[in-house]
Every structure is written in C-alpha cells, then in structure tokens.
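In what follows, a single structure is set out as structure tokens and then discussed.
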Amino acid sequence: MQGVPVAGGSEIVLIPLDEPGLGRLLELAAAEADPLEVMPPVTGPAGWTDQRRAAFLAFHRRRSLDPDTAIESTWVIEVDGRTAGAARLKPVSGPSALEVEAGVWLARSVRGHGIGRRVTEVLLESARDGGSARFVVATTTVDNAAARRLLTGTGADLDVHGGSVDARLEL
Numbered sequence: 001m002q003g004v005p006v007a008g009g010s011e012i013v014l015i016p017l018d019e020p021g022l023g024r025l026l027e028l029a030a031a032e033a034d035p036l037e038v039m040p041p042v043t044g045p046a047g048w049t050d051q052r053r054a055a056f057l058a059f060h061r062r063r064s065l066d067p068d069t070a071i072e073s074t075w076v077i078e079v080d081g082r083t084a085g086a087a088r089l090k091p092v093s094g095p096s097a098l099e100v101e102a103g104v105w106l107a108r109s110v111r112g113h114g115i116g117r118r119v120t121e122v123l124l125e126s127a128r129d130g131g132s133a134r135f136v137v138a139t140t141t142v143d144n145a146a147a148r149r150l151l152t153g154t155g156a157d158l159d160v161h162g163g164s165v166d167a168r169l170e171l
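In UniProt numbering, the protein residues as written are 1 to 171.
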C-alpha cells in the first residue's frame with residue numbers, strides 16, 4: 001500500500017506479506033513481543049523456542065501465504081524502511097452482512113507514536129474500497145487500553161464480555 005505520513009514526519013508503508021517479510025516479522029516478534037501477542041498458544045516452555053518459531057512461520061504461511069489455505073491478507077508494516085509490525089484483513093461472515101476482521105500488531109518500540117491509528121485508517125480505507133464489506137470487526141482484551149482507545153477513536157461500538165472486547169464499525 002502507499003506510504004503515508006505519521007506523527008513526527010515518519011512514513012509508514014504496508015507491504016504484502018511474502019517469505020522474506022515473514023522472516024523479518026519473526027525476528028521482530030521474537031525481539032519485541034510475547035508469543036501470545038502474535039500467534040496461538042504452543043505447548044512447551046515460555047519464550048521463543050525453536051518449536052514456537054517454527055509454529056509462528058507455519059501459522060502465518062497457512063493463514064496468508066499458501067494459496068490453498070490462505071484466509072486473510074497480511075501486510076508487513078514498515079516505518080521509515082524498518083519492519084515495525086503487521087496488519088491484516090480477513091473476510092468473515094457476520095450475523096447480518098459481510099464483515100472484515102482487522103488486526104494490527106506493532107513492536108513495543110514503535111507503540112505510542114500514532115502508527116497504529118494511521119495503519120487502522122489505511123485498513124478501513126482498504127475495506128471500504130473492497131466494496132463488499134459493510135462492517136469491520138476486531139477483538140482485543142480488556143487490559144489492552146491502547147487498543148480499546150484506538151477502536152473507540154474509529155467510532156467502533158465496543159462490547160465487553162469477560163476478559164474480551166469485541167469492536168464493530170459500520171463502513
């Protein structure tokens with residue numbers, strides 16, 4: 001996707017995920033994320049074990065890169081030419097109309113600079129331009145205050161249940 005300016009004059013670019021990008025995301029995640037922030041749980045000791053690294057690659061290949069199993073579009077977020085996280089859109093069937101699920105993950109070192117807000121705006125534009133979705137949905141946890149602020153800032157309706165927060169925004 002096109003480069004867009006963010007706070008501080010930085011530029012973000014969303015690049016379609018490919019194998020080299022997946023490798024960069026793995027290294028970034030291992031350096032700046034808990035595995036549960038970026039993939040489903042894997043049994044075994046905590047941290048980025050070899051097994052967990054392999055599971056990360058397999059999970060994202062299956063969801064985004066393998067044409068036979070891909071269920072979502074994923075982009076590598078670059079800020080000023082450096083890998084900073086990932087963004088995704090996944091078509092899902094909602095209760096009343098086609099929905100698109102959005103997700104953004106940013107490395108801890110780049111959070112708090114408006115990058116997540118700008119990436120979310122780009123994802124919403126992409127969902128609108130796609131033409132078939134009427135709603136964008138997202139899920140986070142009740143303790144993720146930054147994500148809740150971001151979702152509220154888009155105008156999404158939030159539904160809190162247990163430890164989870166579901167957001168829904170009409171396009």
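All C-beta atoms, glycine included, are put in the ideal place defined by N, C-alpha and C.
Cβ neighbours of residue i in the same chain (closer than 6 Å, five flanking residues each side left out)
i	result
G85	I77, W105, L106, A107
L28	T83, A107
P35	R52
Burial state of residue i (16 or more Cβ within 10 Å)
i	result
R62	exposed
R118	buried
V160	exposed
V116	Reading off the sequence shown, one finds Gly at residue 116, where the question assumed Val. So G116 ends up on the buried side.
V122	buried
A127	buried
Cβ-based neighbour list, residue i, same chain, cut-off 8 Å, excluding 5 preceding and 5 following
i	result
Q51	V42, G44
T140	A147, R148, L151, S164, V165, A167
V110	V79, A84, G85
D143	G163
Residue of the options minimising C-alpha distance to residue i
i	options	result
A31	P16, L17, I15, W48	W48
L17	L26, S93, T74, V137	T74
S93	L14, S132, I15, R128	S132
R53	S64, D68, A33	A33
V100	T120, H113, L26, G114	T120
G130	A70, L171, N144	L171
Under 9 Å between C-beta atoms of residue i and residue j
i	j	result
D80	E11	yes
L98	F135	yes
A87	V137	no
Check: residue i C-beta below 8 Å from any heavy atom of the ligand ZN
i	result
A54	The model on display carries no ligand, and the ligand ZN is accordingly not part of it.
Beta-carbon proximity list for residue i, same chain, < 7 Å, skipping 5 on both sides
i	result
L169	F135, V136, T154, G155, A156
E72	R63, S64, R88, L89, K90
Within 8 Å, do at least three Cβ pairs link the segment 39-55 to the segment 145-157?
no
Three or more C-beta pairs below 8 Å linking the segment 18-32 and the segment 49-60
The answer is yes - the segment 49-60 touches the segment 18-32, with three or more Cβ pairs under 8 Å.
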